[in-house]
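**Q**
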Amino acid sequence: MQEQDFRIFEAQGVLQRVWRHDYPPTWQVFLGPIVTASTCLLRLAQFLLGAIAVLMVLLTIVGVVGITLDKGFDIGYIVVLGIVLVVAAGLVGLIMLLQRGVRAAEQQARGKPRRTMVVTPENVVAYERGKTRAIYFAHIAQMRLRVKANTTTTTTFSTSVGPDGSVTSTPMTTTTPAAPSIWLDLTYRNGEQGIWKISLLPQDTIAQTILDAFTRYRLDHGY
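Residue 11 is where the sequence shown starts when you use our numbering, and the numbers rise one by one after that.
Right, here's the structure in full:
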């Protein structure tokens with residue numbers, strides 16, 4: 011077996027042990043959330059249907075209060091309120107069915123490998139979207155942390171009406187700090203350069219964990 015193939019095989023073995031919950035305490039494991047696109051869509055549908063159901067219930071309450079205050083019982087109006095209430099009840103039932111779908115999607119997702127990063131005393135192994143990658147401390151000459159500050163820009167418009175009735179819209183832009191991008195610059199012993207990107211959260215903790223493990227490896231092996 012070639013060295014590259016052996017590395018992939020070894021990295022996959024590390025991941026399999028983590029997913030079986032059979033790994034030594036010296037390994038530090040970071041797992042991504044169990045979230046799928048279908049789960050997000052189902053939860054969004056639940057939220058929207060729930061908001062509509064609440065709105066319908068509030069409209070029904072307002073209608074009943076209005077009938078009571080007016081002391082008038084318009085049959086047509088009451089029928090409409092009844093229909094609204096029935097539709098709201100149907101939406102609640104649909105939300106409950108969607109919840110079953112969410113649970114089924116989550117159970118299915120649990121059967122699939124999650125985004126994973128494992129820091130061992132000798133290497134770092136990561137899995138994401140069906141791809142496995144690894145770095146071996148024995149092959150690294152230097153490892154350096156790099157942090158890039160990010161910002162989020164929001165534009166709002168202020169509308170004013172002039173004396174002549176003309177409407178003027180003035181843009182206002184605000185910039186706020188966002189989560190920074192963190193990665194590791196790698197220098198291999200053969201002179202090649204590389205980058206190790208960290209997609210899991212918390213990025214700063216994972217990066218520091220990798221640096222600490224690399225430092226301990228160098229000290230233990232007299233580098």
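Every residue gets a Cβ at the ideal spot worked out from N, C-alpha and C, and that includes glycine. Since this is a predicted model, take the numbers as computed values, not measurements.
Classify residue 62 as helix, strand or coil using the three-state DSSP reduction.
**A** DSSP places residue 62 within a helical segment (H, G or I) once states are collapsed to three.
**Q** If I follow the unbroken beta strand (DSSP E) through residue 40, where does it start and stop?
**A** 38-41
**Q** Counting beta carbon pairs with one atom in the stretch 30-41 and one in the stretch 127-137, are three or more of them shorter than 8 Å?
**A** Counting C-beta pairs with one atom in each stretch, the stretch 127-137 and the stretch 30-41 have three or more that are closer than 8 Å, which means they touch.
**Q** In three-state terms, what does DSSP make of residue 164?
**A** Three-state result, residue 164: strand.
**Q** Do residue 124 and residue 23 have their C-beta atoms within less than 8 Å of each other?
**A** In this structure, residue 23 does not lie closer than 8 Å to residue 124 by Cβ.
**Q** Any contact of the stretch 193-204 with the stretch 106-114, i.e. 3+ C-beta pairs under 8 Å?
**A** No, the stretch 193-204 is not in contact with the stretch 106-114.
**Q** Determine the direct distance from the alpha carbon of residue 182 to that of residue 163, and round the result to whole angstroms.
**A** Rounded to the nearest angstrom, the two C-alpha atoms are 10 Å apart.
**Q** Since residue 195 sits in a beta bridge, which residues does DSSP pair it with?
**A** Answer by DSSP bridge pairing, in chain order: 154, 205.
**Q** Enumerate in chain order the residues of its own chain whose CB-to-CB distance from residue 136 is below 6 Å, with the five nearest sequence positions on each side excluded.
**A** Here residue 136 has 127, 143 as same chain residues with Cβ atoms under 6 Å from its own Cβ, once five neighbours each way along the sequence are excluded.
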